[in-house]
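Visitor: Attaching a single structure in structure tokens format; questions to follow.
2 protein chains.
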Amino acid sequence: MILPAGPVLALSGGVGGAKLCLGLDDRLPAGQLHIACNTGDDFEHLGLTICPDIDTVLYTLGGVSNPEQGWGLAGETWQVLAALERLGADSWFRLGDRDLATHLWRAGELAQGRALSAVTADLARRLGVCATVYPMSDDPVRTMVHTAEGSLPFQHYFVREQCRPAVQGFSFAGIDSAALQPDLAALCTSGSLAGVIICPSNPFVSIDPILQLDSFWQTLRESRVPVVAVAPIVGGQALKGPAAKMMAELALPVTATGVASHYAQRYPGLIKTFVVDHSDATLAPAIQELGMEVEVTATIMRERADKQALARACLELLCR
Amino acid sequence: MILPAGPVLALSGGVGGAKLCLGLDDRLPAGQLHIACNTGDDFEHLGLTICPDIDTVLYTLGGVSNPEQGWGLAGETWQVLAALERLGADSWFRLGDRDLATHLWRAGELAQGRALSAVTADLARRLGVCATVYPMSDDPVRTMVHTAEGSLPFQHYFVREQCRPAVQGFSFAGIDSAALQPDLAALCTSGSLAGVIICPSNPFVSIDPILQLDSFWQTLRESRVPVVAVAPIVGGQALKGPAAKMMAELALPVTATGVASHYAQRYPGLIKTFVVDHSDATLAPAIQELGMEVEVTATIMRERADKQALARACLELLCR
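Next up, the structure:
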């Protein structure tokens, strides 16, 4: 197979993004995969800073994630949560014991004044992850979901309310004063980057924060690095999470074209190739009209081989 | 039995103090027992504020403590600690899963800006504790142990180093700017207090911080409330912890008299009655020479009945 000659940057949210990152990690030589993780879903809970997308990516690449649910850790136990419930504490955020060890270790490091990126790199090393994983920023950015029932911090919307309230829009608290993580910024202006892959993550709450932070999308567009995006909607459904429900509530077409259109409007000229599933092949002309090339391939990643195949397709697109 | 007519205040460290507090809680009518806990042993670990003496008192009075070891919780498990060890994190402080729930809940409340005393009162309620338990201060005070190998934060000395380094002295970082917890201060100047019991806790690291904070010992002396102290040394040995080892290293006589002498020098005129064990009856004349009355009784608290009997003896001394 043909591989890009330089570093490749993936932009990722949680589960769906982590699957493609695992495929990319399998395909790329060591040191070549860089991953910018959304931190808009991060939140403060029980005195801890919890970073769900970073942890999902690290657990997945470290081979310790729970294969059934796609998030959390294999062999998880729930002793602390049971004790919190006995104390009458909030228990809607399901913190497993093994997962808690990550949060506690991170809390200790952050309390010593270390940057989130340094702590993330250290955690990656401890989990045996070879890819370079960056939080999009060392500064806090927190996604707010504006709903018919008021504005909710993302995890309140996502976990506590189970995505039930109808979405009206999003904002990213802190984004105006947050800086792109410096090493990530340096990578993207170094001239060495071979390509960017926008993972099949939620466009509104996983990818938008990364691209909008510090006008990152403009930096990428100006670098003229090829950008490939994978549709997170297949056959009118989100493979994981609330993307399809959000699109319907925002009166957007719940299709891969709807996602492409969102990206084309917000980030004109950024995406070179948009990847859709075989089942959405008929959408290609409409997406091409948005100014993107279209690649039709298998995008549903059930098995490891699926992840590797989609990763290969994306990497080959970067080499065209 | 004769009981004091008003509130009784116990000054307590961890295990030994908690035992007497349990006896006092059994003996006194609901609402009459107040406990000022040492917070000099508190420390920051993994982003958490851990309050060992408060928790030992609350767990003991809440009936959930581990009866074998005297600290920690019954039925404890260690899943998080095992995961922290797998991450290569510090694991010398043995955090159990159930205990962690307390620390996490407290961290969440403190992060919202609540005072430690408010969080402690709330925790007491959640654990079904009727006594009023105060941290000695809402401001951080941290005991430093000065040793032949340098100065160590208390838990580093106590847990990590297992009390091995030879002690040369102590200091209490933050004590000069810390205020006595306001409700505790109000109780002691209200005129209603019927008596104070200094529990058989470590004089140097459990009782000294409480008495020295905000000149608390002078406030108590000026209130003319009767003060009874129970010797933590019996037959030349500490019933629990490093008090005897510390006294030997400080070249003090390792006897109940040594403790009484320490208190008499530091807090002249404070203690009315010093309680020693039957096995130390011969020390009575030397202690009386320090200006204290001496009560000889059984001070070793193995069974619940022992705790109740010593509590009864102390309460009756307050009524004389």
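Residue numbers (our numbering), protein chains in the order written: chain A, 5 to 324; chain B, 5 to 324. Idealized CB from N, CA, C, for every residue including glycine.
#1: Report yes or no: is there a C-beta of chain A within less than 8 Å of the C-beta of Gly-51 of chain B?
#2: Suppose you measure from the CA of Glu-299 of chain A to the CA of Gly-240 of chain A; what does that come to, to the nearest Å?
#3: Run the CB neighbour count on Pro-3 of chain B, radius 10 Å, all protein chains shown included, and call it buried at 16 or more, exposed below.
#4: Give the interface partners of Val-234 of chain B over in chain A, defined as CB-CB distance under 9 Å, in chain order.
#5: Distance check for Thr-60 of chain B and Gly-74 of chain B, CA to CA, integer angstroms please.
#6: Can you look up Gly-18 of chain B in the DSSP assignment and give me helix, strand or coil?
#7: Mind reading off the beta-carbon distance from Leu-77 of chain B to Val-68 of chain B? Whole number of angstroms is fine, and I expect it under 8 Å.
#8: Could you check whether the Cβ of Ala-34 of chain B sits closer than 8 Å to any Cβ belonging to chain A?
#9: Leaving aside the five residues before and after Asn-70 of chain A along the sequence, list all residues of the same chain whose C-beta is less than 7 Å from its C-beta, in chain order.
#10: So, Ser-121 of chain B versus Asp-57 of chain B, is the Cβ gap smaller than 8 Å?
#11: Specify, as a first and last residue, the run of the beta strand (DSSP E) that Pro-157 of chain B falls within.
#12: Do we get a CB-CB distance below 8 Å when we pair Gly-92 of chain A with the residues of chain B?
#13: Gly-173 of chain A: which of A:Ala-233, A:Ala-125 and A:Leu-254 sits nearest, CA to CA?
#14: If I follow the unbroken alpha helix (DSSP H) through Pro-289 of chain A, where does it start and stop?
#15: Quick check: the stretch 159-168 of chain B against the stretch 133-144 of chain B, are there 3 or more CB pairs under 8 Å?
#16: Tell me the DSSP bridge mates of Cys-41 of chain A?
#17: Among the candidates B:Leu-50, B:Arg-316, B:Leu-104 and B:Tyr-267, whose CA atom is the shortest distance from the CA of Gln-216 of chain B?
#18: What's the C-alpha gap between Ala-190 of chain A and Arg-316 of chain A?
#19: If the cut is a Cβ gap below 9 Å, which residues of chain A does Gly-112 of chain B touch?
#20: Report the start-end ranges of each beta strand (DSSP E) in the stretch 147-199 of chain B that is 3 residues or longer and not cut off at the edges.
#21: Could one say the Cβ of Ala-87 of chain B lies closer than 8 Å to chain A's Cβ atoms, at least one of them?
#22: I believe Ser-219 of chain B touches Gln-185 of chain B by the beta-carbon criterion, under 8 Å. Please report the beta-carbon distance rounded to the nearest angstrom.
#23: From Ile-3 of chain A to Gln-222 of chain A, what distance separates their C-alpha atoms?
#24: Give me the Cα-Cα distance between Arg-270 of chain B and Asp-212 of chain B, rounded to the nearest whole angstrom.
#25: Looking at the structure shown, is Thr-60 of chain B part of a helix, part of a strand, or coil, going by DSSP?
#26: Could you check which residue in B:Glu-113, B:Arg-31, B:Asp-284 and B:Thr-151 has the C-alpha nearest to that of Asp-94 of chain A?
#27: Between Pro-144 of chain A and Gly-178 of chain A, how many whole angstroms is the CB-CB distance? I'm expecting something under 8 Å.
#28: Under DSSP, the alpha helix (DSSP H) around Ile-54 of chain B begins and ends at which residues?
#29: Is Asp-101 of chain A close to chain B, meaning its C-beta is less than 8 Å from at least one C-beta of that chain?
#30: Measure the alpha-carbon distance for Gly-117 of chain A versus Ala-111 of chain A and round it to whole angstroms.
#31: So who's on the other strand from Ala-233 of chain B, going by DSSP bridges?
#32: Arg-130 of chain B touches chain A at which residues, Cβ-Cβ below 7 Å?
#33: Identify every residue that forms a DSSP beta bridge with Thr-301 of chain B.
#34: Quick one: Cα of Pro-204 of chain B to Cα of Ile-214 of chain B, how far?
#35: Which residues share a DSSP beta bridge with Ala-242 of chain A?
#36: Taking CB distances under 8 Å as the criterion, tell me whether Ala-119 of chain A reaches chain B.
Guide: Short version:
#1: yes
#2: 17 Å
#3: This structure cannot speak to residue 3 of chain B, because chain B is shown only from 5 to 324.
#4: Here the premise fails: no neighbours, minimum Cβ distance about 32 Å.
#5: Rounded to the nearest angstrom, the gap between the Cα atoms of Gly-74 of chain B and Thr-60 of chain B is 8 Å.
#6: coil
#7: 6 Å
#8: For Ala-34 of chain B, the answer is no, since every Cβ of chain A falls outside 8 Å of its Cβ.
#9: Short of 7 Å from the beta carbon of Asn-70 of chain A, and not among the five residues preceding or following it, lie these beta carbons of its own chain, in chain order: Gly-76, Leu-77, Ala-78 and Glu-80.
#10: no
#11: 154-157 is the extent of the beta strand (DSSP E) around Pro-157 of chain B.
#12: yes
#13: A:Leu-254
#14: 288-292
#15: no
#16: A:Ser-16 and A:Pro-139
#17: B:Tyr-267
#18: 26 Å
#19: Result: Glu-48, His-49, Leu-50, Gly-51, Leu-52, Ala-93 and Asp-94.
#20: Within the stretch 147-199 of chain B, the complete beta strand (DSSP E) runs of at least 3 residues are 154-157 and 171-177.
#21: yes
#22: Not confirmed; about 14 Å, so no contact.
#23: The structure shown does not extend to residue 3 of chain A, since chain A spans only 5 to 324, so no value can be given for it.
#24: 9 Å
#25: helix
#26: When B:Glu-113, B:Arg-31, B:Asp-284 and B:Thr-151 are compared, the shortest CA-CA separation from Asp-94 of chain A is found for B:Glu-113.
#27: 5 Å
#28: Unbroken run through Ile-54 of chain B is the beta strand (DSSP E), 52-54; no alpha helix (DSSP H).
#29: yes
#30: 10 Å
#31: B:Ile-202 and B:Phe-278
#32: Leu-91 and Gly-92
#33: B:Asp-281
#34: 14 Å
#35: A:Ile-237
#36: no
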